[in-house]
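In my numbering, the protein residues as written are 22 to 340. Don't be surprised by glycine CBs; every beta carbon is placed ideally from N, CA and C. Just so it is clear, the structure is predicted and the values come from calculations on it, not from any experiment.
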């Protein structure tokens, strides 16, 4: 009952075939039949209690000394258990290289609205690229590019911050009456990430929708974005980041994620400086690098026969 979630789930499956990143995330009741109390307790023991060296304790709105006291009270007794070298490593040192494969997934899926959902994506760098090569990392420019493309559904109440001036709104949703939705997205993992555009249209227009999506990727690699568009995207990204961090719930999670991933936390001023330093050349470089990788396609709907195949889309970019 959530086709927009399913199309991204299947995109991930197709992008990382035969790799843990391509594993299933959405389950139905039948899939959960093997989940028991013992399975949950075993997971807790193996990945939490036996690995205190990989734990990060983060807090917001609490004095540092109090947080240290609580940490020592509840976690100081934990000791690292010996593990085999084949065990899963949260820091990614045992990660399988060349995780990304590209590919396609299509499924006839009974929809409520009769729309065919499609998503097209390419590989970009992951979280670790920012940690090992932060001065020339693709992470922040990729986030700016996502905001620049923007998008959403054909119905919007508008108003400040709704992205009505983003490229996909102006050049897709406002131009093609048959496009129900078009929105850019990113997915980041330790060693790899995805930059893509998802959309929805009637099944007779699904091929046209994929063509329009691919044309926008190609344009990003061929023509630099203009200064106004880039400035608007950077300002909107900074606004989104700062608004999110006003919440203590988001703040302490951000602290924990950054420390767990990078070993330190970068402050808001440094992050805003990185956003401001993104150039049109950075956007073009990321787009060129992305479309040089094999594409990944996902489509679901009542009839997906009109959706182009992987080979067809691959030829569009390699021709």
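- Contact check for residue 188 against residue 170 passes: the beta carbons are separated by less than 7 Å.
- Beta bridge pairing from DSSP links residue 143 with 216.
- At a Cβ-Cβ threshold of 7 Å, residue 254 and residue 165 count as neighbours.
- Contact fails between the stretch 281 to 288 and the stretch 83 to 94, because fewer than three Cβ pairs, one in each stretch, are under 8 Å apart.
- Residue 296 and residue 161 do touch by the CB rule: their CB atoms are close to 6 Å apart, below 8 Å.
- For the pair residue 248 and residue 304, the Cα-to-Cα distance works out to about 12 Å.
- Leaving aside the five residues that flank residue 147 on each side, the residues in its chain whose CB is nearer than 7 Å to its CB run, in chain order, 209, 210, 211, 212, 213, 214.
- Taking 8 Å as the upper bound for CB-CB distance, residue 143 and residue 311 are in contact here, some 4 Å apart.
- For residue 257, the number of other beta carbons within 10 angstroms of its own is at least 16, and it is reported as buried.
- In the DSSP assignment, no residue is bridged to residue 94.
- Each residue's CA atom was taken as its position, placing residue 219 and residue 235 some 11 Å apart.
- Taking the CA atoms as reference points, residue 121 sits about 5 Å from residue 37.
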